[in-house]
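Visitor: After the structure tokens below, expect a handful of questions from me.
Protein chains: 2
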Amino acid sequence: MRNQGAGTGPEMEIVHLLRAVAVELGLHSARFANQNGMHPTDVRALIALMDAARAGEEMTAGRLGSALGLNSAGTTALVDRLERAGHVRRVRSEGDRRRVVVEVDQRAVELGQAFFGPLIGSAVDLLQGYDERELAAIRSFLEGVREAAAEG
Amino acid sequence: MRNQGAGTGPEMEIVHLLRAVAVELGLHSARFANQNGMHPTDVRALIALMDAARAGEEMTAGRLGSALGLNSAGTTALVDRLERAGHVRRVRSEGDRRRVVVEVDQRAVELGQAFFGPLIGSAVDLLQGYDERELAAIRSFLEGVREAAAEG
DNA sequence: CCGAGTATCTCGCTGAGCGAGATAATACGG
DNA sequence: CCGTATTATCTCGCTCAGCGAGATACTCGG
Chain A
4 MRNQGAGTGP
14 EMEIVHLLRA
24 VAVELGLHSA
34 RFANQNGMHP
44 TDVRALIALM
54 DAARAGEEMT
64 AGRLGSALGL
74 NSAGTTALVD
84 RLERAGHVRR
94 VRSEGDRRRV
104 VVEVDQRAVE
114 LGQAFFGPLI
124 GSAVDLLQGY
134 DERELAAIRS
144 FLEGVREAAA
154 EG
Chain B
4 MRNQGAGTGP
14 EMEIVHLLRA
24 VAVELGLHSA
34 RFANQNGMHP
44 TDVRALIALM
54 DAARAGEEMT
64 AGRLGSALGL
74 NSAGTTALVD
84 RLERAGHVRR
94 VRSEGDRRRV
104 VVEVDQRAVE
114 LGQAFFGPLI
124 GSAVDLLQGY
134 DERELAAIRS
144 FLEGVREAAA
154 EG
């Protein structure tokens, strides 16, 4: 049986630290949401939309909803909210006219970059202080945790 | 001006990886919430309560609410829910009888350990594959990100 | 004691998200 | 082609988490 307890070794300290980082990043997103009259779900949606855009993929209403764990009714309400706020546009897909492609407005992208940019910049600055082997350790640890969390 | 763009350098890759980990950990908590008929806020509350217990501190209703960003009405409703589900007990503070100390039930602790234990164990196992310098790099990077996120 | 301050709770309300089902467009066997 | 199954989104009515306002209960300094 692996270590599951509230041990106090150096490994557990890092595990708690990682959890604390996750909580802190969540609170940071919540601040962004509050400042812009949005809800946590709306922020998660914008992030998913920007990720898709960066990967060059179209994001339909349905894919967005399932990425966030919403049903179709909730997804419609979410896209309504974001569209009313001017953060996204609904575009009927040309190929399949049942589908609604959700596009992020450039203004929303800039809003997000203005808010999250400094934090991302700090993280990049931090990383520039490590050598190859240290960077590889950080990367492989994060990769491993992501895989472990995705399985559960 | 620091790096804010959608750069593709090795640093940005790690930053996106960290964000992905945060998202994945959030989804993992959401699965725990669903499996036990709870809401995300309830899970966050249990985690805050267990953290306080581990630190040997009493958690009052008010402190719990402000840790989660709820007002007093929402906090009362939250503690009502958790108490109804048998996860916590309300105990009037002896010293100051206005205060309500919220205590986690042992059953809830075990429930949480059963669910999060494997993931924590995997992370600890992962960490045992690194040497001192690599562990120090992981720790200091996480510490730095936490501080940067807490400032914003 | 009395009034100010503090911790929690009650009440009424708003709105995010759900289940069920409607609507509209596509796929596909005959 | 036609009819039926399938898929994508939307509409409707509802539940319940969380909010604002204010009530209640306790503490403490003067």
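In the order they appear, the protein sequences are chains A and B. Sequential numbering from 4 applies to the first sequence in the working numbering. Sequential numbering from 4 applies to the second sequence in the working numbering. We treat Cβ as the ideally placed atom computed from N, Cα and C, and that holds for glycine.
1) DSSP three-state label for A/E137, please.
2) Would the beta-carbon of B/D54 fall within 8 Å of that of B/L85?
3) What number of angstroms, rounded off, separates the C-alpha of A/A140 from the C-alpha of A/A23?
4) Excluding the five sequence neighbours on either side, which residues of its own chain have a C-beta within less than 7 Å of the C-beta of A/R95, listed in chain order?
5) Using the rule of at least 16 other Cβ atoms within 10 Å of the residue's Cβ for burial, across every protein chain shown, is B/G115 buried or exposed?
6) Answer yes or no: does any C-beta atom of chain A fall closer than 8 Å to that of B/V24?
7) Counting C-beta neighbours from all protein chains within 10 Å, is the total for A/A151 16 or more, i.e. buried, or is it exposed?
8) Near B/A36, which residues of its chain fall below 8 Å by C-beta distance, leaving aside the five closest residues on each side in sequence?
9) Could you please give the first and the last residue of the uninterrupted alpha helix (DSSP H) stretch that includes B/E106?
10) Are A/L67 and A/L52 close, meaning C-beta to C-beta below 8 Å?
11) Grab the span of the beta strand (DSSP E) containing A/R95 for me, first residue to last.
12) Indicate whether the contact test is met: 3 or more Cβ pairs, each with one atom in the region 24-33 of chain B and one in the region 55-63 of chain B, closer than 8 Å.
13) Among all the DSSP beta bridges, which residues are the ones paired with B/T63?
14) Would you say A/A111 and B/V18 are within 8 Å of each other, going by their C-beta atoms?
15) Report the three-state DSSP secondary structure of B/A70 (helix, strand or coil).
16) Give the single residue among B/D128, B/L81 and B/G120 whose Cα lies nearest to the Cα of A/F144.
17) Please state whether DSSP places A/D83 in a helix, a strand or coil.
18) For A/A25, count neighbouring C-beta atoms within 10 Å of its own C-beta (all shown protein chains included) and say buried if the count is 16 or more, exposed if not.
19) Check B/H42 in the structure and name its three-state DSSP category.
20) For a quick check, are the C-beta atoms of A/E61 and B/E137 less than 8 Å apart?
21) Apply the 10 Å Cβ neighbour rule to B/E14 and answer buried if 16 or more other Cβ atoms are within range, or exposed otherwise.
22) Any idea if B/A117 is buried or exposed, counting beta-carbon neighbours within 10 angstroms, 16 or more meaning buried?
23) I'd like the list of long-range same chain contacts for A/T63, defined as Cβ closer than 8 Å, with 5 residues on each side in sequence excluded.
24) Spatial neighbours of A/T78 within its chain, please: C-beta separation below 6 Å, excluding the five flanking residues on both sides.
25) Which bits of chain A does B/H31 rub up against, with CB to CB less than 7 Å?
26) With DSSP run on the structure shown, which of helix, strand or coil describes B/A58?
27) Which word fits A/A70, buried or exposed, when buried means at least 16 other C-beta atoms lie within 10 angstroms of its C-beta?
Guide: This is what the structure holds:
1) Position 134 of the first sequence holds residue 137 of chain A. Annotated three-state conformation of A/E137 is helix, per DSSP.
2) Translated into the one-based positions of the second sequence, residue 54 of chain B becomes position 51. Translated into the one-based positions of the second sequence, residue 85 of chain B becomes position 82. The answer is no: Cβ separation not under 8 Å.
3) Locating residue 140 of chain A in the first sequence gives position 137, where the first residue counts as 1. Locating residue 23 of chain A in the first sequence gives position 20, where the first residue counts as 1. The straight-line gap from Cα to Cα measures roughly 20 Å.
4) On the first sequence, residue 95 of chain A is found 92 positions in, with the first residue counted as 1. Cβ within range, chain order: V103.
5) Here residue 115 of chain B refers to the residue found at position 112 of the second sequence. Flag for B/G115 reads buried.
6) If you number the second sequence from 1, residue 24 of chain B lands on position 21. At a cut-off of 8 Å, the C-beta of B/V24 has a neighbouring C-beta in chain A.
7) As a first step, residue 151 of chain A must be located in the first sequence, where it is residue number 148. Buried, because 16 or more other Cβ atoms sit within 10 Å of the Cβ of A/A151.
8) Locating residue 36 of chain B in the second sequence gives position 33, counting from the first residue. The answer, listed in chain order, is H42, P43, D45 and V46.
9) Looking up residue 106 of chain B in the second sequence gives position 103. Counting along the chain, no alpha helix (DSSP H) covers B/E106; the unbroken beta strand (DSSP E) around it starts and ends at V103 to V107.
10) Mapped onto the first sequence, residue 67 of chain A falls at position 64. Mapped onto the first sequence, residue 52 of chain A falls at position 49. Cβ distance < 8 Å, so A/L67 and A/L52 count as in contact.
11) Here residue 95 of chain A corresponds to residue number 92 of the first sequence, with the count starting at 1. Its beta strand (DSSP E) spans residues V91 to R95.
12) Taking one beta carbon from each stretch, the region 24-33 of chain B and the region 55-63 of chain B have fewer than 3 pairs nearer than 8 Å; the two do not touch.
13) Taking the first residue of the second sequence as position 1, residue 63 of chain B is located at position 60. Per DSSP, B/V104.
14) On the first sequence, position 108 is the one that residue 111 of chain A refers to. On the second sequence, position 15 is the one that residue 18 of chain B refers to. Going by C-beta atoms, A/A111 is not nearer than 8 Å to B/V18.
15) Taking the first residue of the second sequence as position 1, residue 70 of chain B is located at position 67. Annotated three-state conformation of B/A70 is helix, per DSSP.
16) Within the first sequence, residue 144 of chain A is the residue found at index 141, counting from 1. The residue with the shortest Cα to Cα distance from A/F144 is B/D128.
17) Mapped onto the first sequence, residue 83 of chain A falls at position 80. In the structure shown, the three-state DSSP call for A/D83 is helix.
18) One-based indexing of the first sequence puts residue 25 of chain A at position 22. Label assigned to A/A25: buried.
19) As a first step, residue 42 of chain B must be located in the second sequence, where it is residue number 39. Here B/H42 sits in coil by DSSP.
20) By one-based count along the first sequence, residue 61 of chain A stands at place 58. By one-based count along the second sequence, residue 137 of chain B stands at place 134. It is not a contact, given that the beta carbons lie outside the stated cut-off.
21) Indexing the second sequence from 1 puts residue 14 of chain B at position 11. With 16 or more other Cβ atoms within 10 Å, it is buried.
22) Counting from one through the second sequence, the residue named residue 117 of chain B turns up at place 114. Classified as exposed, B/A117 has fewer than 16 neighbouring CB atoms from the shown chains inside 10 Å of its CB.
23) In the first sequence, counting from the first residue as 1, residue 63 of chain A sits at position 60. Spatial neighbours of A/T63 in its own chain (CB-CB distance under 8 Å, excluding positions within 5 residues in sequence) are listed in chain order as S96, R102, V103, V104 and V105.
24) Counting from 1 along the first sequence, the entry for residue 78 of chain A is found at position 75. Within the same chain, A/T78 has close Cβ partners A64 and G68.
25) To locate residue 31 of chain B, count along the second sequence from 1; it is residue 28. Within chain A, the residues near B/H31 are A152 and G155.
26) Counted from its first residue, the second sequence places residue 58 of chain B at position 55. DSSP places B/A58 in coil when its eight states are reduced to three.
27) Your numbering for residue 70 of chain A matches position 67 in the first sequence. Buried, by the Cβ-count rule.
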